[in-house]
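Working notes for the structure below.
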C-alpha cells in the first residue's frame, strides 16, 4: 500500500493546490497536472477544498487493451553531476537520485505519446499497466493498490 510520502512524488510542488496529496470521499489523490494517482483513502491525508475537481474525469469503462509501462532511460543530473547532493543538501532537480528522465523525451504506446518523466514515475508503482484511449484523452493507469490517469503528449 502506498503512503503519503510515496504520493508526494506525484504532486506539483510549484502549485499550492497540488503541492500535496488530498482526500475526497473514499479516495486519496495526487497530481502534477499531467498524471493523476488515486488510492484508497489514507487516514493521514485530509480533504482540501482547493484541490482540483476530479468528478467526471474517470472513464466509465476501461480500455480493452492494457500495456506494461515501459522502462525509460534516465540521464545523469546536470545540476548535481549525479551525486544527488548540492551544497550538503538533497538536489531538488533529481530529488537526490542523481538521475532523472527528460519530460520532453516521449514514448509511443498504442499510437499515443507519453512523457518519459511521467512514465518513470509510473515505473515506481507495483504492477503498473497503461490503457491508452486516444491521443487527446487520458490513458487509464492501473497498479497494485490504485489507479490513475495520464495525459498523452501532443506530436
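Numbering (the numbering used here), first residue to last: 39 to 193.
Ideal Cβ placement from N, Cα and C applies to all residues, glycine included.
- Taking the CA atoms as reference points, residue 119 sits about 43 Å from residue 94.
- Take the alpha-carbon of residue 150 and the one of residue 139: they are about 18 Å apart.
- If you ignore the 5 residues before and after residue 113, its C-beta comes within less than 8 Å of the C-beta of 137, 138, 139, 140, all in its own chain and listed in chain order.
- The shortest CA-to-CA distance from residue 104 to any of 179, 55, 145 is the one to 179.
- In the structure shown, residue 174 falls within a coil segment according to DSSP collapsed to helix, strand and coil.
- In the DSSP secondary-structure assignment, residue 123 is bridged to 128.
- When the beta-carbon positions are compared, residue 126 and residue 134 stay at least 7 Å from each other.
- DSSP links residue 60 through a beta bridge to 67.
- Scanning 164, 71, 143, 86 for the CA closest to the CA of residue 155 turns up 143.
- For residue 107 and residue 163, the gap between their C-alpha atoms comes out near 10 Å.
- When DSSP states are grouped into helix, strand and coil, residue 137 belongs to the strand group.
- Pairing residue 101 with residue 171 gives a Cβ-Cβ distance under 7 Å.
- In the assembly as shown, residue 186 is a buried residue. Its beta-carbon has 16 or more other beta-carbons within 10 Å.
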